[in-house]
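Numbering of the sequence shown is given in my numbering, commencing with residue 74 and proceeding in unit increments.
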Amino acid sequence: MVIFSKLFTLVPERIKFDSFWIEIRKRNKWLIHLRYLAVILLLCFVAGSKIIQNYVPDISLPYTKILLLTGLIFCYNLLFHYLWTIFPKISQKVKVHSLHFSLIQIVSDFIVLIFLIYFTGGVESPFNTFFVFHLIIGSLLLPGPIISLIMTMTLITLICGSLLEYYQIIPHNQIAGIVKTPLYNDPSYLIVFFSTFTIVVFVSIYLANSISKVLYEREKQLFEAYKELEEAERRKSKYVMTVVHDLKTPVSAALTWVDLIANKSIGEIPEYLLEPINRIKNRLRNALDLISGILEITQVRLSSEINKENVDINKLIQELYDKHRILILSKNLEYRVKSNSENIVISTDEKLLNLALSNIISNAIKYTEPNGVIEVKVTETDKVVEISIADNGIGIPEDDLPKIFQEFYRSSISRAKNIEGTGLGMALVKEIITRLGGEISIYSPSYLASENRRGTQVLIKLPK
Numbered sequence: 074m075v076i077f078s079k080l081f082t083l084v085p086e087r088i089k090f091d092s093f094w095i096e097i098r099k100r101n102k103w104l105i106h107l108r109y110l111a112v113i114l115l116l117c118f119v120a121g122s123k124i125i126q127n128y129v130p131d132i133s134l135p136y137t138k139i140l141l142l143t144g145l146i147f148c149y150n151l152l153f154h155y156l157w158t159i160f161p162k163i164s165q166k167v168k169v170h171s172l173h174f175s176l177i178q179i180v181s182d183f184i185v186l187i188f189l190i191y192f193t194g195g196v197e198s199p200f201n202t203f204f205v206f207h208l209i210i211g212s213l214l215l216p217g218p219i220i221s222l223i224m225t226m227t228l229i230t231l232i233c234g235s236l237l238e239y240y241q242i243i244p245h246n247q248i249a250g251i252v253k254t255p256l257y258n259d260p261s262y263l264i265v266f267f268s269t270f271t272i273v274v275f276v277s278i279y280l281a282n283s284i285s286k287v288l289y290e291r292e293k294q295l296f297e298a299y300k301e302l303e304e305a306e307r308r309k310s311k312y313v314m315t316v317v318h319d320l321k322t323p324v325s326a327a328l329t330w331v332d333l334i335a336n337k338s339i340g341e342i343p344e345y346l347l348e349p350i351n352r353i354k355n356r357l358r359n360a361l362d363l364i365s366g367i368l369e370i371t372q373v374r375l376s377s378e379i380n381k382e383n384v385d386i387n388k389l390i391q392e393l394y395d396k397h398r399i400l401i402l403s404k405n406l407e408y409r410v411k412s413n414s415e416n417i418v419i420s421t422d423e424k425l426l427n428l429a430l431s432n433i434i435s436n437a438i439k440y441t442e443p444n445g446v447i448e449v450k451v452t453e454t455d456k457v458v459e460i461s462i463a464d465n466g467i468g469i470p471e472d473d474l475p476k477i478f479q480e481f482y483r484s485s486i487s488r489a490k491n492i493e494g495t496g497l498g499m500a501l502v503k504e505i506i507t508r509l510g511g512e513i514s515i516y517s518p519s520y521l522a523s524e525n526r527r528g529t530q531v532l533i534k535l536p537k
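See the structure below:
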């Protein structure tokens with residue numbers, strides 16, 4: 074009983090990881106699509122046979138029975154298709170998983186195939202070879218012992234059916250005009266047929282299951298190696314975060330003292346020292362920005378959970394404007410917001426999305442010259458929400474675009490214009506949008522570009 078209980082869990086020891094179940098679910102749908110194809114091919118077979126019969130009248134097939142079986146396949150495949158769509162909900166209520174669903178599909182196909190073979194001649198049927206296709210598919214989905222057990226029971230059924238035909242207990246359905254001499258009542262043929270068929274069947278199961286096992290083992294090794302790399306990356310990120318956090322305190326303290334000196338809060342200083350002191354202050358502020366950027370991107374990487382909630386995108390865009398309002402007004406920028414709907418709500422992590430959009434808007438302000446234009450456009454479609462942030466600023470040279478999401482990378486034009494930055498902002502944005510299941514693209518020139526201003530457009534697509 075313990076052996077059978079373990080056998081029918083259908084879960085080999087080698088495949089207890091999530092990506093396996095994702096793949097099995099995909100293959101279950103693939104099996105459903107193949108069944109639709111089988112229905113079409115059977116209909117074509119019947120139609121083709123009818124056409125051939127016009128030229129070779131001796132050929133005759135049990136068309137009604139074949140069409141009834143074809144209709145049955147189509148009907149239960151529609152049921153399987155529906156069950157596939159709701160299977161995640163079913164599996165939560167009942168203790169079943171995707172391999173059970175695979176087993177039900179394959180057993181159903183074997184039963185119908187047995188009847189199809191019987192109605193088209195039994196051992197004389199051309200459909201006997203179709204078992205090999207199903208065995209290969211089944212071996213890719215199910216453990217070897219299960220598919221072997223199914224095939225053993227199928228062989229026993231076929232042999233019993235042939236014996237019943239041989240002893241004329243049940244009628245033999247011969248395809249007229251194809252097999253001139255009946256073979257179902259030839260003992261030598263029956264022995265040779267079932268011997269070779271059994272060998273082909275079990276060799277096919279062994280080969281297909283062996284290949285499948287090796288592939289799953291390799292996938293498991295890759296999965297475990299990835300998990301180890303991920304854990305090593307987490308340890309490294311924690312170490313970097315600790316070191317950088319420890320650096321932040323002395324740098325902040327140094328910046329505070331330099332501010333006091335530059336503002337002459339602790340006494341007068343000679344004029345010739347003001348310029349070097351201001352340079353020191355700028356360098357310390359850049360160092361502090363860099364430290365903050367490293368801390369932000371490290372925190373995002375260390376965060377394993379996405380706290381999803383309903384987020385009003387239009388409201389979030391307004392909050393971001395309020396946050397950057399002083400900088401926008403100080404550069405006299407025209408800030409435009411466009412939306413194709415008043416109520417656009419998506420399920421996402423508001424804190425992470427806020428951080429990503431804030432970085433993009435901050436960059437747009439920084440790299441757009443006074444009296445420029447920034448336009449935020451929100452577009453809702455059936456499946457995604459698109460957020461476009463465009464400007465008519467200095468833009469990004471074409472050669473720099475592929476590298477813009479790399480950490481610490483800064484475009485050549487921003488360096489040439491001595492615009493301070495850390496090169497971490499867009500890397501952080503890319504990390505966040507990917508984590509949220511979205512896509513991000515960057516274009517330059519933007520649709521707001523003018524003769525002397527290339528501009529930049531960042532386009533984000535988020536699932537609803």
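Where a beta carbon is used, it is the ideal one built from N, C-alpha and C, also for glycine.
Can you find the residues in the same chain that come closer than 6 Å, C-beta to C-beta, to H154, ignoring five residues on each side of it along the sequence?
I105
Along the chain, where does the beta strand (DSSP E) containing Q530 start, and where does it finish?
529-536
Report all residues from its chain with a CB closer than 7 Å to the CB of G315; omit the five preceding and five following residues, and keep chain order.
The sequence shown places Thr at residue 315, not Gly. Cβ neighbours of T315 beyond the five flanking positions: none.
Buried or exposed (CB count within 10 angstroms, at least 16 for buried), F266
Buried is the call here.
Where V252 sits in the DSSP three-state scheme
In the three-state reduction of the DSSP assignment, V252 falls in the coil class.
Which value, in whole angstroms, describes the spacing of the CA atoms of E378 and G340?
Between E378 and G340, the C-alpha separation is close to 51 Å.
6 Å Cβ shell around F275 - same chain, five flanking residues per side excluded:
none
Sheet register partners of T452 (DSSP bridge)
T452 pairs with E459.
Segment contact, 8 Å Cβ cut-off, at least three pairs: the segment 278-287 with the segment 197-214:
yes
Using the rule of at least 16 other Cβ atoms within 10 Å of the residue's Cβ for burial, across every protein chain shown, is L305 buried or exposed?
Reading off the sequence, residue 305 comes out as Ala, not Leu. When all chains shown are included, A305 counts as exposed.
Which residue wins for smallest C-alpha separation from I390, given the options I399, I417, K381, L406?
I417
Please confirm if the segment 426-441 is in contact with the segment 453-468, defined as three or more CB-CB distances below 8 Å between the two stretches.
yes
DSSP three-state assignment for S414, whether helix, strand or coil:
coil
If distances are taken between C-alpha atoms only, which option among E524, N525, T529, V313 comes closest to S517?
T529
Hey, quick one: how far does the beta strand (DSSP E) through N383 stretch, first residue to last?
DSSP places N383 in the uninterrupted beta strand (DSSP E) bounded by 382-385.
For G511 versus N436, is the C-beta distance shorter than 8 Å?
no
Pop quiz: A335 and I350 are said to be a contact at Cβ under 8 Å. What is the actual Cβ separation, rounded to whole angstroms?
5 Å
Curious, which full-length alpha helix (DSSP H) runs of at least 4 residues does the segment 215-243 contain?
217-239
Taking a contact to mean a Cβ-Cβ separation below 8 Å, would you say L402 touches S431 in this structure?
no
Every unbroken alpha helix (DSSP H) inside the segment 270-358 [4 residues or more]:
none
Can you have a look at G445 and say buried or exposed, based on whether 16 or more other CB atoms are within 10 angstroms of its CB?
Classification for G445: buried.
Continuous alpha helix (DSSP H) stretch holding Y191: start and end
171-192
Pull up the CB-CB distance for V324 and I364, whole angstroms please, since I reckon it's below 8 Å.
6 Å
Whether or not the segment 230-247 and the segment 172-180 are in contact is what I'm after, with contact meaning three or more pairs of Cβ atoms, one per stretch, closer than 8 Å; do they touch?
no
8 Å Cβ shell around L361 - same chain, five flanking residues per side excluded:
K321, V324, S325, L328
Within 10 angstroms of the Cβ of G121, are there 16 or more other Cβ atoms? Answer buried if so, exposed if not.
exposed
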